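Quick note on this note's numbering: the sequence shown kicks off at 573 and runs consecutively.
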Amino acid sequence: DTVPCKMGAALLGPKPVWYREGTILKLENGLKINYLLEGPPNGRLAVCLHGLQASILQYDRLAATLINAGFRVLRFDAWGHGLSSSISNPAYTPDLYCGMLDELLQRLGLEQTPFTLFGFSMGGCFAALYTVRNPQRVERLVLLAPAGLLMNKPKEICLLERCGCCMVCAARWLACKCCVRRSHFREIFTDDGEHDEFLNGMFARFRSRMGRNMETMFKIARGMPLWDNHELYRQLASCGRPVCFFWGHDDDVVPLYDAMQPDNFLTSTFRFDNRPDGHHQLWMLNRCKHQIMQEAFDQMIPPLGAFLQVHLVPVAPIKFTPADKSARTLKLKDGVANPTTPNSPPPVAPMGGDGGGGDIGLVPPVVVVSPQTPSFEYGATGQAQGGVPHVRV
């Protein structure tokens with residue numbers, strides 16, 4: 573059975589800490605999954621997997637854009653995130669998360685429906701794993717700064733893997749709010765105050781459930797293959813599914829430089845072709861770091877629409893106000909964009925006019941994208957020139 577979620581917001585002092593209120597699916601073992609399934613019942617199905625310490629809230633704007641284009645969009649809070657349950661396992665593993673998605677699809681009667689799969693950061697690693705295991709179910713895969721190819725696993729993570737059970741058990745009691753500063757969250761954005769509302773929400777949500785969030789981070793670090801997982805991406809490249817990567821030009825959380833090691837690993841494995849019918853594509857998004865759906869959403873939509881073979885019109889950012897907390901359906905906005913035709917030039921990643929919302933405006937693109945396989949230049953130190961890889965045509 574499903575029952576409406578009763579927890580729209582938690583309060584931290586006078587400021588609301590928003591979670592996207594969905595529908596709660598109660599499992600036989602007592603666990604709960606918070607999910608949203610929106611859009612026309614006969615539309616193409618899209619499934620969205622969020623990143624670490626995020627929730628279904630992360631996909632609000634993309635979900636609205638896809639729904640306007642006729643998609644039916646499913647998104648859910650993973651175990652230990654948002655309004656879904658935490659579980660007692662000492663680690664959150666790929667098997668747990670893949671099983672969670674399979675359970676949800678089965679309960680919703682979608683187990684035989686092929687879908688387009690989206691994954692951001694940790695969710696990208698999860699999405700790649702699910703696609704390799706179930707290539708017959710995934711029509712297309714969109715990876716947004718996916719984890720799994722990080723280099724040089726930190727010593728702290730190695731320690732967690734070896735003797736982390738005690739640390740996981742103690743995480744809720746050892747978590748201290750004074751150790752988490754707002755400046756830590758600001759560092760993941762390139763702008764100076766442009767996305768403060770979103771940043772403040774991230775910061776407040778993390779602090780409001782500090783113990784649980786720290787426990788989740790420990791369990792993810794112990795169980796998810798976020799480092800040196802080259803074999804996963806080799807299998808993904810050979811499984812026959814169309815894959816489109818998006819990466820922030822200045823991403824320092826999941827740097828593209830790491831994914832290129834060793835020997836241009838990503839480009840040599842996938843043989844990228846950025847023409848609209850390219851089977852494997854890689855797009856660099858200018859002037860943004862890791863939070864590409866916040867900082868570079870308008871850039872991402874034209875090449876995404878071409879890859880999905882559908883006309884996408886980006887909606888304006890969705891604001892959170894007290895009046896929204898009981899809203900069950902996203903407010904969608906109509907707009908106008910230039911359609912992609914079969915004979916049009918390869919899509920580029922244009923810059924949004926205002927970068928943060930309001931009226932959607934497009935200006936000449938700054939990112940250089942080529943239909944041919946991109947290559948990357950690195951300085952003598954092994955670091956990419958300017959700190960990140962540059963596309964060279």
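All C-beta atoms in this analysis are idealised placements derived from N, C-alpha and C, irrespective of residue type, glycine included. For clarity, every value in this text was computed on a predicted model and none was experimentally measured.
Where the alpha helix (DSSP H) containing residue i begins and where it ends
i	result
Leu676	666-679
Lys791	782-795
Ile864	864-867
Leu804	802-810
Leu682	Unbroken run through Leu682: none, as it is neither H nor E.
Ile639	632-640
Counted within 10 angstroms of its Cβ, other Cβ atoms place residue i as buried (16 or more) or exposed
i	result
Pro874	buried
Tyr591	buried
Ser656	buried
Asn601	exposed
Met723	exposed
Glu593	buried
Asn846	buried
Gly927	Note that Gly927 has pLDDT 27, beneath the 50 cutoff, so the model's placement of it is unreliable and the number below is only indicative. When all chains shown are included, Gly927 counts as buried.
Asn966	No information on residue 966 is available, as it lies outside the stretch 573 to 965 that the chain covers here.
Beta-carbon contacts of residue i that lie in its chain and below 8 angstroms, excluding the five residues immediately before and after
i	result
Leu609	Thr595, Arg644, Val645, Leu646, Leu680
Arg705	Cys670
Ser658	Trp651, Gly652, Arg784, Glu787, Thr788
Asn801	Cys697, Gly720, Leu721
Pro707	Cys811, Gly812, Arg813
Arg806	Thr841
Leu634	Cys620, Phe690, Met865, Phe869
C-alpha gap between residue i and residue j, whole angstroms
i	j	result
Pro848	Met694	27 angstroms
Val826	Ala719	6 angstroms
Ala809	Pro662	31 angstroms
Tyr702	Met786	25 angstroms
Gly851	Ile792	First, the amino acid is wrong: residue 851 is His here, not Gly. If you take the alpha carbons of His851 and Ile792, they lie about 31 angstroms apart.
Cys686	Arg777	Note on identity: in this sequence residue 686 is Pro, with Cys being the wrong assignment. Approximately 34 angstroms between the Cα atoms of the pair.
Ala909	Met774	Note that Ala909 has pLDDT 29, beneath the 50 cutoff, so the model's placement of it is unreliable and the number below is only indicative. Each residue's Cα considered, the two are about 31 angstroms apart.
Asp835	Ala699	24 angstroms
Asp546	Gln871	The shown model of the chain, from 573 to 965, leaves out residue 546, and the question about it has no answer.
Glu683	Leu677	5 angstroms
Ala831	Gln881	27 angstroms
Phe692	Pro797	15 angstroms
Residue i (DSSP reduced to helix, strand or coil)
i	result
Asn661	coil
His724	The identity of residue 724 in the sequence shown is Asn, whereas the question assumes His. If DSSP states are grouped into helix, strand and coil, Asn724 belongs with coil.
Asn601	coil
Phe818	strand
Gln853	strand
Phe690	strand
Pro612	coil
Tyr702	helix
6 angstroms Cβ shell around residue i - same chain, five flanking residues per side excluded
i	result
Gln866	His767, Phe770
Leu854	Phe817, Phe844
Thr665	Gly795
Gln630	His622
Thr688	Ala618, Glu711, Arg712
Residue i beta carbon near the ligand ATP (any heavy atom closer than 7 angstroms)
i	result
Val815	This structure does not include the ligand ATP; it has no bound ligands of any sort.
Residue-level contact to chain D via CB, residue i, 8 angstroms cutoff
i	result
Leu804	Judged by its chain identifiers, the structure shown contains no chain D, having just a single protein chain.
Continuous beta strand (DSSP E) stretch holding residue i: start and end
i	result
Val619	617-621
Arg712	710-716
Phe648	644-648
Spatial neighbours of residue i in its chain, beta-carbon cut-off 7 angstroms, leaving aside the 5 residues before and after
i	result
Cys860	Thr762, Gly820, His821, Asp822, Glu867, Ala868
Gln833	Met723
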